[in-house]
Ligand code: FCB
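Numbering (our numbering), first residue to last: 124 to 645.
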């Protein structure tokens, strides 16, 4: 067995953790991961924070975000087009209070060396930052309790030699920039119109720069946005029972034509804002990063993107093959071509504008992988006003099938962009077998195969540590390695996959025993 070439560690601060991983990584598994590989879990503030056992709701639950408004509004809950269960946020795992206990699980029970989590923009800036410039002025405006909380979170990670990967935008926007309820009711006239407005890009960049200065001494690895297309599609194109996102409106076109005479779908306006946001956040972080005096390590900045492989329903049918290609382009390539290469297809018509102000701003790509799409092709474009490249039926897509090979496929696709990758989310939610051992082993097997075939992958973050608040579904979809018991103490009970993940981490790879117990599906 060959021990793969070590990748550069992110910082000296985590050298010890890396060395430990190096040591175990070369000793164990029959299918080893690279030395210095990061093994972690992924979480998000809105989903994990609420539900504290003793900290009062007023502090534990951030009530200043669009998602808070969305899931607590009676009007939204009573409107079937939003698919919101409106489950009380108090049922969530309470990690705002229990973060140190959660990190102990990662360190002591799983043996991991990394945690992905998100800052909540609306916690830090519950009121508008428009017109406020400069670190000092922003610091005066920021909520001191929120800053102290995040400093304590990062200190707790550092004490345990756990690498923080910090997402700045995991779906939630402050209510002062996005009025979830008002925009759901009248998306063309609501004032605080989120990703459609002119303020969002400069203000999110300001927040990113502030976070880099404030927390840069404790954080080196940043993600700008989480899954932009999970905002664009369920927010503005097709909200479905699977996923909605505020404002949850369908196929609305902007009545004012753009410079080229198009009435763009609002979803595209939102996507273009998010493309700009990534680049401006990247610049703001690089410009403001506080380089840790002890380590001299500078920030690395990436984007977290959910990559969706597309399979033609009938591989012999040219229509399905074409439809799958179109879906793959729109769902995956459109956004990444712009954010990685600076090649923007703003009207989804193949006319590419190269933008230097977008290009070259991706230190790594965070890949979320859950499902492929099985695609039915159509004779002509399904939504010609959106793009000629919609020769597929978005209403008959088969999603959420377990398909481990898809992880191999998306990692190999990401490799073509020439940036290293981190698997920032992958996990299963089946009610009876949440965090199922076979899911974990089969996906890791495919990941290991991609690495052997030349992909540069620096780590894997399982979604998620403990059952948490799954957006419009509330607590009804459970993804946790640990089951959240419905008691006020928020007890976390390990599921079967905990032991499997622990074995993989301890061995630094997959053992022959695990590979034979959970072989790949034929
Ligand atoms: C991803 C999200 C994450 C969680 C998982 C199940 O799309 O990034 O917050 O909802 O799905």
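Beta carbons: idealized from backbone N, C-alpha and C, even for Gly.
*asked:* Comparing C-alpha positions only, which one of 578, 639 and 621 sits nearest to residue 230?
replied: Measuring from the Cα of residue 230, the nearest candidate turns out to be 621.
Looking only at its chain, what residues have a beta carbon closer than 6 Å to the beta carbon of residue 484, apart from the 5 residues adjacent to it on each side? 402 and 405
Check your understanding: How should residue 171 be labelled, buried or exposed, when 16 other C-beta atoms within 10 angstroms of its C-beta is the threshold for buried?
Key -> buried
| task | Count the C-beta pairs between the segment 594-604 and the segment 542-555 that are closer than 8 Å, then say yes if the count reaches three, no if not. | result | yes
| query | In this structure, does DSSP put residue 259 in helix, strand or coil? | reply | Secondary structure at residue 259: helix, using DSSP grouped into helix, strand and coil.
Inset, instruction - Tell me where the alpha helix (DSSP H) around residue 439 begins and ends. - result: Following the DSSP letters along the chain, one finds residue 439 in no alpha helix (DSSP H), marked with neither H nor E.
Quick one: give me the first and last residue of the beta strand (DSSP E) that residue 584 is part of.
Start and end: 580-586.
Which residues in the same chain have their Cβ closer than 8 Å to the Cβ of residue 278, if we skip the five residues on either side of it in sequence? 341
Would you kindly report the start and end of the unbroken alpha helix (DSSP H) that includes residue 489? Residue 489 -> not in any alpha helix (DSSP H); beta strand (DSSP E) instead, spanning 487-491.
List in chain order: all unbroken beta strand (DSSP E) runs of 3+ residues lying wholly within the segment 531-573.
Taken in chain order, the complete beta strand (DSSP E) segments of 3 or more residues contained in the segment 531-573 are 544-548.
Please work out which residues of its chain come closer than 6 Å, Cβ to Cβ, to residue 302, disregarding the five sequence neighbours upstream and downstream, and give them in chain order.
313 and 315
(message) Check for me: the alpha helix (DSSP H) holding residue 305 runs from which residue to which?
(response) 303-308
query = Nearest to residue 176 by CA position, among 214, 318, 366 and 361, is which residue?
reply = Of the candidates 214, 318, 366 and 361, the one whose C-alpha sits nearest the C-alpha of residue 176 is 214.
Q) DSSP on residue 497, reduced to helix/strand/coil? A) strand
- Cutoff 7 Å; reference residue 469; Cβ partners in own chain excluding five residues on either side: 395 and 476.
Quiz prompt | Collapsed DSSP secondary structure at residue 150 in the structure displayed | solution = Reliability of the predicted coordinates at residue 150 is poor, the pLDDT of 40 falling under 50, and the value obtained from them is presented with this limitation in mind. If DSSP states are grouped into helix, strand and coil, residue 150 belongs with the helices.
Cβ shell of residue 309 (< 6 Å), same chain only, five flanking positions each side left out: none
For residue 168, the first and last residue of its enclosing alpha helix (DSSP H)
168-171
Nearest residue (CA-CA) to residue 636, options 420, 398, 560 and 333: 560
Check your understanding: When we look at the beta-carbon of residue 157 and count the other beta-carbons within 10 Å, is it buried (16 or more) or exposed?
Key -> buried
Rounded to the nearest angstrom, what separates residue 327 and residue 472 at their Cα positions? The alpha-carbon atoms of residue 327 and residue 472 are separated by roughly 29 Å.
Considering only C-alpha positions, which residue in the set 537, 381 and 524 is nearest to residue 644? 524
Flag residue 581 as yes when its Cβ comes closer than 7 Å to any non-hydrogen atom of ligand 1, and as no otherwise. Short note on residue 581: C-beta not closer than 7 Å to any heavy atom of ligand 1.
Spatial distance of residue 263 from residue 337 (CA atoms)
12 Å
>> I need the DSSP call for residue 381, collapsed to helix, strand or coil.
In response: coil
Practice item. Put residue 145 into one of helix, strand or coil per three-state DSSP. Key: Summary for residue 145: the model assigns pLDDT 41, below 50, so the residue's position carries little reliability; its value from the coordinates is reported in the next sentence. Correct three-state label for residue 145: helix.
inquiry  = If contacts are defined as beta-carbon pairs under 8 Å, then residue 481 and residue 393 qualify, I think. What distance do you get, rounded to the angstrom?
reply    = Actually they are not in contact, since the Cβ atoms of residue 481 and residue 393 sit about 16 Å apart, beyond 8 Å.
Using a Cβ-Cβ cut-off of 8 Å (strictly less than) and excluding sequence neighbours within five positions of residue 285, which residues of its own chain qualify?
Excluding sequence neighbours, residue 285 sits near 140, 163, 226, 229, 230, 235, 236, 237 and 238.
- prompt: How big is the Cα-Cα spacing for residue 431 and residue 455?
  reply: Residue 431 and residue 455 have their C-alpha atoms spaced approximately 7 Å apart.
Completely contained alpha helix (DSSP H) runs for the segment 205-278, where each covers 4 or more residues:
218-227, 244-247 and 258-264
### Query
To which residues of the same chain is residue 293 closer than 6 Å at the C-beta, ignoring the five residues directly before and after it?
167, 241 and 349
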